[in-house]
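Take the sequence shown: its letter number 30 is residue 30 in the UniProt record's numbering, and every next letter is one higher.
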Amino acid sequence: MPVCNHCDRSFVDKNALRMHTESKHKPSECTYCDRTFKTLDGRDQHERTKHSFNCSICNRQFGSKEALDQHEEAKHSEYECRYCDKEFTSDGARIQHQNAKHAP
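Put into structure tokens, the structure is as follows:
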């Protein structure tokens, strides 16, 4: 009875083992560099530790540059009122403030 050398699972024949290996243990390439990993778990761990994107303000970790950019825009961008220099974390809050406090 053939046994998978990756996970020790047994199969009825070599063809079933081959199909299992191709679907469950196919090498996976890193999204950010040329490294290849035997398992998706290995690739995911590599990407989290070697290619994570950390917020320079709160040190929160993100899996992509796009997610980090969205976080920084939403949580840490400062929008300043043009009339009183008060700062806001969103442009909508700044506009609402200006309309409420400084509109004629």
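Where a beta carbon is used, it is the ideal one built from N, C-alpha and C, also for glycine.
Quick one: Cα of residue i to Cα of residue j, how far?
i: K14; j: P2; result: 6 Å
i: D91; j: Y79; result: 6 Å
i: L68; j: K38; result: 28 Å
i: N59; j: T36; result: 28 Å
i: residue 112; j: F11; result: Nothing in the structure corresponds to residue 112, since the chain is present only between 1 and 104.
i: E72; j: H102; result: 28 Å
i: D85; j: S77; result: 14 Å
Against chain D, does residue i count as a neighbour if the rule is that its beta carbon must be under 8 Å from one of theirs?
i: K101; result: No chain D appears in this structure, which consists of one protein chain only.
### Query
Considering only residues of the stretch 33-79, which uninterrupted alpha helix (DSSP H) runs meet the minimum length of 4 residues and lie entirely inside it, listed in chain order?
Taken in chain order, the unbroken stretches of alpha helix (DSSP H) that lie wholly in the stretch 33-79 and span 4 residues or more are 40-50 and 65-75.
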